[in-house]
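J.: Just so you know, the sequences run in chain order A and B.
The numbering of the first sequence is the UniProt record's numbering, which starts it at 1 and goes up by one.
The numbering of the second sequence is the UniProt record's numbering, which starts it at 1 and goes up by one.
We put the CB at the ideal spot given by N, CA and C, even for glycine.
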Amino acid sequence: MESPVPSSLFRRKKDNRRGITYGIMMIGASGTGKTSFANNLVESNIFNHEYNQNLHDYEISSKIKILSPTKVVSFNSKNGIPSYMNEFDPNRANLESGITITSTSLEISTGNDNESNIMESPVKGHKRSNSIIEEEEDTIFLNLLNTHGITENFDDTLCFDEITSYLEQQFDVVLSEETRIRRNPRFEDTRIHIALYFIEPTGHGLKELDVEIMKRVARFTNVLPIITKADSFTKDELKQFKQNIMNDIEKYNVPVYKFEVDPDDDDIEALEENQALSALQPFSIVSSDERNSEGKYIRAYPWGTLLIDDDKISDLRVLKNVLFGSHLQEFKDTTQNLLYENYRTEKLSSVTKSSASTNPDGKSTTGGKKTIGNRDSAAPSLSNFASLINTGHFKSSQSLASNAKLSKNDLSRLPATPELNQDGNNTNAGSSDVKESPIKQMSDDIRNGNEEIIRSIKKEAQSNDAVERNMLRNISETVPYVLRHERIIARQQKLEELEAQSAKELQKRIQQLEKKAHDLKLREKLLAQQGRHGSSTSITSDNASFSTTRSISQNQMKKNDTYTDLASIVSGKE
Amino acid sequence: MTTHSVGIANLPNQRYKIVSEKGGTFTIMVCGESGLGKTTFINTLFQTTLKHVDPLQRRHLPLKKTVDIDLTRAILEEKNFKMRVNVIDTPGFGDNVNNNKAWQTLVDFIDDQHDSFMRQEQQPYRDTKFDLRVHVVLYFIKPTGHGLKPLDIETMKKISSRANLIPVIAKSDTLTMQELQIFKSRIRQVIEAQEIHIFTPPLDFDTTKDSTTEDENAMSTQDATAAEHARQLIEAMPFAIIGSTTKYDNGQGTQVVARKYPWGLVEVENDNHCDFRKLRSMLLRTYLLDLITTTQDLHYETYRRLRLESSNGTDDETNNGNGDSSMPLKAPARKLSHNPKYKEEENALKKYFTDQVKAEEQRFRQWEQNIVNERIRLNGDLEDIQTKVKKLEEQVRSLQLKKR
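1. Nearest to A:Trp303 by CA position, among B:Phe276, B:Leu284, B:Val268 and B:Arg305, is which residue?
2. According to DSSP, is B:Lys129 helix, strand or coil?
3. State the DSSP-derived secondary structure class of B:Pro12, mapped to helix, strand or coil.
4. Could you check where the alpha helix (DSSP H) with B:Glu78 kicks off and where it finishes?
5. Look at B:Val107 and B:Ile153 and say whether their C-beta atoms are less than 8 Å apart.
6. Please return the same chain residues whose Cβ sits closer than 7 Å to the Cβ of A:Leu483, not counting the five positions on each side in sequence.
7. Quick one: give me the first and last residue of the beta strand (DSSP E) that A:Thr100 is part of.
8. Would a C-beta distance cut-off of 8 Å place A:Tyr297 and A:Asn40 closer than the cut-off?
9. B:Trp263: buried (16+ other C-beta within 10 angstroms of its C-beta) or exposed?
10. Among B:Asp173, B:Val137, B:Lys129 and B:Lys157, which one has its Cα closest to the Cα of B:Gly145?
11. So, is the C-beta of A:Ile313 closer than 8 Å to a C-beta in chain B?
12. Rounded to whole angstroms, how far is the Cβ of A:Ser97 from the Cβ of A:Asn153, which I believe are closer than 8 Å?
13. One question on the structure: do B:Ser34 and A:Thr202 come within less than 8 Å of each other, judged by their Cβ atoms?
14. Going along the segment 153-181 of chain A in order, which residues come within less than 9 Å of chain B, judged by CB to CB distance?
15. Among the candidates A:Val322, A:Cys159, A:Lys251 and A:Leu307, whose CA atom is the shortest distance from the CA of A:Ser278?
16. Nearest chain B C-beta to A:Pro302 closer than 8 Å, yes or no?
17. Please determine, among A:Val73, A:Leu238, A:Asp248 and A:Ile227, the residue with the shortest C-alpha to C-alpha distance to A:Glu208.
18. From B:Val190, B:Ile69, B:Glu21 and B:Val87, pick the residue whose C-alpha is nearest to that of B:Thr48; which is it?
19. Taking DSSP as the reference, what is the three-state secondary structure of A:Ile27?
20. Fully enclosed by the segment 90-138 of chain B, which alpha helix (DSSP H) runs are 4 residues long or longer?
21. Against chain A, which members of the segment 75-105 of chain B pass a CB distance test of less than 9 Å?
22. Going along the chain, which unbroken runs of the beta strand (DSSP E) with 3 or more residues stay wholly within the segment 190-258 of chain A?
23. With 8 Å as the threshold, decide whether the Cβ of B:Asp271 is near any Cβ in chain A.
24. Which of helix, strand or coil does DSSP assign to B:Lys171?
25. Find out if the Cβ-Cβ distance for the pair B:Leu291, B:His135 is shorter than 8 Å.
26. Taking the straight line between their C-alpha atoms, what separation do you get for B:Arg363 and B:Gln386?
27. Where does A:Thr32 sit, in a helix, a strand or coil, going by DSSP?
28. Going by other Cβ atoms of all chains shown within 10 Å of its Cβ, with 16 needed for buried, is A:Lys258 buried or exposed?
29. If we call anything under 8 Å between Cβ atoms a contact, is B:Gly92 one with B:Asp112?
30. Tell me, please, whether the CB atom of B:Glu154 is closer than 8 Å to any CB atom in chain A?
31. Just reading off the beta strand (DSSP E) that B:Arg186 is part of, what are its end residues?
32. Taking C-beta pairs closer than 8 Å, name the residues in chain A that B:Tyr261 reaches, listed in chain order.
33. List the residues of chain A that B:Lys351 touches, going by C-beta distances under 7 Å, in chain order.
34. Considering only DSSP beta bridges, list what B:Met83 is partnered with.
35. Which first and last residues belong to the alpha helix (DSSP H) in which A:Phe171 is found?
36. Which value, in whole angstroms, describes the spacing of the CA atoms of A:Thr190 and A:Glu178?
Below, the structure written as structure tokens:
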């Protein structure tokens, strides 16, 4: 956990002591070489390729320690099973695979000493794999995330939501930890500091998918587009493709990370470096699983062999240097100071929009102590907290007091507040006999429990003789719950969706089976009839002939009747 | 056999004359995501710049694309034989985020060609027929090294029931030999398991002919080599190809079509590097006629049969007023009702409409409730006032009584 202490010096010191936590996420269409790149990045062979869960040639560099093996952290698929685990099965290849996000925590070190303290990985049930890279005296806990299944669906829209919601969750976790009173000393920062976006080597430019994903992800992390499989381009083609991509990025306003050249920067070396990097962007890489006798990664083609870290062919070495060396701190800083701060402000102010707009100035100007009596009635809500944050004036009691009334109005608008939720419960109760799913029930229980906690905290606040500190304490206790609460609700929605989907699928299957059963029954009947036919054809035919003759005779009789009638009429007239 | 021939044996020669005067038509469709080298491949195949690669044109297109049909026509001449070549490109296929039903445009196009040909056949004058029936569809597979995507499978399934389908692995110069082998075998497995009928060169003639006409030695060996060739082609499927139009010196003084990398020269017509020659042989040299005849005899006939059958069926059904058949008689109508996209849209619109109605109803109900509440309140007020009035009246009366 990084405390929001502005002094980067302090942080660096701390980081060095504990090692640097660093999150990299790899996003890109399936088959662009993400897994191979990951293996090349840590110079080991520890990541499984698709359809190939058992690594034949497992090897791990001595500098690397796996803190927790690759685990699925989030997924979405129609059949409810993360496709990542699937073996290659040609019969099921036509099914959409959804999206799976996996995480691996590694510890990588370049130094000889390996005595660095190892972080325990799983926090809050999130299993991730951490790797620590030790450079000079630095130790890096690398959290490497991979996405599987993008472009393997007919409709890839669900991929966006899955990725962004995962990233948002990480921010939420940090936010709730930040507002806690007693912070977890072993809290692990799971935010992703840099996302590598793998562009398919089409030779044309960016696709809709590329633009959409990069735009969305850029809200939560730095995005660095890289061209994969650069060995499919000749020199001129690569140059043209890079140019096309930069043009597209410009044209569609994709907020990718740019190596900005700051003329005021006094560090000439850094300036030149950035200049060179920005000229090189987007980096093009080649990855491989094959090593030659010297242990270097190669790609061996019938027409020639190439080294993947050849600077003339790929920018892999440059990219590695940027990721783990020159720009590591930069990525972390932008994530923390820009992206996370923005998110935080947005999150906290979004819940208090109305109150903030009604008295934005009142807070800072008033400093009265007359309304202390009122203050204790102020329920600790997000809105109060946000106003505190916004102004930074903890002693502006007036605003708090005036907020007290407003906040109640606000509360009704908050999704996490008891009033609304009670409504929600009522409707739930009403519809419960119609549709009661175990997931819903479970989540309701969780929700109720959470509300209970939130409410009890609020009551406490009301009953207590109010001191400002007390209230702040309450706030800090509520916020994490509220956040967790929101997360749970989101989770629940997703589960419900999944459930509905699988229910639909089941329904379909049932229908199919029923149809089949029906068909079979029909066939059976037919067969049975045929079987009987063999023995009883003569009888039925006899019957048939009998009945026909009878009907004919009846007809004749009727005819006769009519004739007689006519005859009688005629005769009567006569 | 008599030594003096009557001249019957000259029929093939006469036929040859006619055919070479008339020329031939060949329609080829390329299909696959953008950036897989479809255009380059076409240019490589015919060794001319049939289609222009225009990077600037693409720049002006909007990001969200629909699947288009792009037709290029050309007349190629080789040894005085003229060949009309139609190349159908499908830009935009697989480029969107939502590629559901992306194959519909392709399938509709193929069906439309069959349909229009059938209509022309039914005309009283049918000397000059405009024939754009697709003889072969090349499906370009992205060289992921994983396997086929659901979109690939679905599209190939749909196409393979309507036209000759040949899957090819595009840009195979990004896969090493080993990777390519695994990739190919996976694709073959999927194609088999998913029952996708790809075009395969006819293999059966060697078994039939070898048993009957063994006396003709020359013929049988020819057949045997042809069979061997066909077997090789089948084994190499799906073909891994590389496209290029630039010629380079291959180090031995000859100019070859190739791609020049810093680590080597990839020759397009080198069997060790890719299967381009095999594919070309399949498409043009050896099995072009097979492709055209199977289109006529198999795919077109199937379409015609199904279509005529179903239109007869609708004739009967229209009497009953039941228009549920999947293929109504008229082509435009067929297309409209047939296209699932319209249905989706319709459903979405319906849903939107009902939602709106519901919301409005809800609002009205709320209003009504409010009005009722208001009335109750007002009634209450009225009662209060009335009781007050009564009380006052009482008071007045009592006061009056007192006064008296």
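T.: By the coordinates alone:
1. For the purposes of this step, residue 303 of chain A is identified with residue 303 of the first sequence, where counting begins at 1. The shortest Cα separation from A:Trp303 among B:Phe276, B:Leu284, B:Val268 and B:Arg305 belongs to B:Val268.
2. Walking along the second sequence from the start, residue 129 of chain B turns up at place 129. Secondary structure at B:Lys129: coil, using DSSP grouped into helix, strand and coil.
3. By 1-based counting over the second sequence, the position of residue 12 of chain B is 12. The answer is helix: DSSP assigns B:Pro12 an H, G or I state.
4. The residue you call residue 78 of chain B lines up with position 78 of the second sequence. Where B:Glu78 is concerned, there is no enclosing alpha helix (DSSP H), although the beta strand (DSSP E) it sits in stretches over Asp70 to Glu78.
5. What you label residue 107 of chain B is simply residue 107 of the second sequence in a count that begins at 1. What you label residue 153 of chain B is simply residue 153 of the second sequence in a count that begins at 1. No.
6. What you label residue 483 of chain A is simply residue 483 of the first sequence in a count that begins at 1. So the qualifying residues of the chain are Asp172, Leu175 and Ser176.
7. Walking along the first sequence from the start, residue 100 of chain A turns up at place 100. Ile99 to Ile108 is the span of the beta strand (DSSP E), which, as asked, contains A:Thr100.
8. Within the first sequence, residue 297 of chain A is the residue found at index 297, counting from 1. Within the first sequence, residue 40 of chain A is the residue found at index 40, counting from 1. Yes.
9. Counting from 1 along the second sequence, the entry for residue 263 of chain B is found at position 263. When all chains shown are included, B:Trp263 counts as buried.
10. Here residue 145 of chain B corresponds to residue number 145 of the second sequence, with the count starting at 1. That would be B:Asp173, whose Cα lies nearest to the Cα of B:Gly145.
11. Stepping through the first sequence from its first residue, residue 313 of chain A is reached at position 313. So yes, A:Ile313 belongs to the interface.
12. In the first sequence, the residue the question calls residue 97 of chain A occupies position 97. In the first sequence, the residue the question calls residue 153 of chain A occupies position 153. The C-beta distance from A:Ser97 to A:Asn153 rounds to 7 Å, short enough to meet the 8 Å contact threshold.
13. Sequence index remark: in the second sequence, residue 34 of chain B carries index 34 (1-based). Sequence index remark: in the first sequence, residue 202 of chain A carries index 202 (1-based). Taking 8 Å as the Cβ cut-off, B:Ser34 and A:Thr202 qualify as a contacting pair.
14. Going along the segment 153-181 of chain A in chain order, one finds Asn153, Phe154, Asp155, Asp156, Thr157, Cys159 and Phe160 with a Cβ nearer than 9 Å to chain B.
15. For the purposes of this step, residue 278 of chain A is taken as residue 278 along the first sequence, with counting starting at 1. Nearest option by C-alpha distance: A:Val322.
16. Counting from one through the first sequence, the residue named residue 302 of chain A turns up at place 302. Judged by the 8 Å Cβ criterion, A:Pro302 is in contact with chain B.
17. On the first sequence, position 208 is the one that residue 208 of chain A refers to. Nearest C-alpha to A:Glu208 among A:Val73, A:Leu238, A:Asp248 and A:Ile227: A:Asp248.
18. Working through the second sequence from its first residue, we reach residue 48 of chain B at position 48. Among B:Val190, B:Ile69, B:Glu21 and B:Val87, the Cα nearest to that of B:Thr48 is on B:Val87.
19. Position 27 of the first sequence holds residue 27 of chain A. Strand at A:Ile27.
20. Runs of the alpha helix (DSSP H) inside the segment 90-138 of chain B: 103-122.
21. From the segment 75-105 of chain B, only Gly94, Asp95, Asn96, Val97, Asn98, Asn99, Asn100, Lys101 and Ala102 have a Cβ closer than 9 Å to chain A.
22. Entirely contained in the segment 190-258 of chain A, the beta strand (DSSP E) runs reaching 3 residues are, in chain order, 194-199 and 222-227.
23. The residue given as residue 271 of chain B occupies position 271 in the second sequence. Interface criterion not met: the Cβ of B:Asp271 is under 8 Å from no Cβ in chain A.
24. Along the second sequence, read from residue 1 onward, the residue named residue 171 of chain B stands at position 171. DSSP places B:Lys171 in coil when its eight states are reduced to three.
25. Walking along the second sequence from the start, residue 291 of chain B turns up at place 291. Walking along the second sequence from the start, residue 135 of chain B turns up at place 135. Their beta carbons are under 8 Å apart, which means B:Leu291 touches B:His135 by this criterion.
26. By one-based count along the second sequence, residue 363 of chain B stands at place 363. By one-based count along the second sequence, residue 386 of chain B stands at place 386. A straight line joining the alpha-carbon of B:Arg363 with that of B:Gln386 spans about 34 Å.
27. Indexing the first sequence from 1 puts residue 32 of chain A at position 32. Under the three-state reduction of DSSP output, A:Thr32 falls in the coil class, being neither helix nor strand.
28. Within the first sequence, residue 258 of chain A is the residue found at index 258, counting from 1. Flag for A:Lys258 reads exposed.
29. What you label residue 92 of chain B is simply residue 92 of the second sequence in a count that begins at 1. What you label residue 112 of chain B is simply residue 112 of the second sequence in a count that begins at 1. No, these two residues do not count as a Cβ contact at 8 Å.
30. Along the second sequence, one-based indexing puts residue 154 of chain B at 154. Yes, contact with chain A.
31. What you label residue 186 of chain B is simply residue 186 of the second sequence in a count that begins at 1. Element bounds for B:Arg186: not the beta strand (DSSP E) but the alpha helix (DSSP H), Met177 to Ala193.
32. Within the second sequence, residue 261 of chain B is the residue found at index 261, counting from 1. Listed along the chain, the chain A residues whose CB falls inside 8 Å of the CB of B:Tyr261 are Asp231, Thr234, Trp303, Gly304 and Leu306.
33. As a working mapping, residue 351 of chain B is identified with position 351 in the second sequence. At a C-beta separation below 7 Å, B:Lys351 has no neighbours in chain A, since its nearest C-beta there lies roughly 15 Å away.
34. The residue you call residue 83 of chain B lines up with position 83 of the second sequence. DSSP, once it has assigned bridges, lists B:Gly24 and B:Leu76 as partnering B:Met83.
35. As a first step, residue 171 of chain A is located in the first sequence; it is residue number 171 there, counting from the start. Counting along the chain, the alpha helix (DSSP H) containing A:Phe171 begins and ends at Thr157 to Glu178.
36. By one-based count along the first sequence, residue 190 of chain A stands at place 190. By one-based count along the first sequence, residue 178 of chain A stands at place 178. Near 13 Å, if we compare the C-alpha coordinates of A:Glu178 and A:Thr190.
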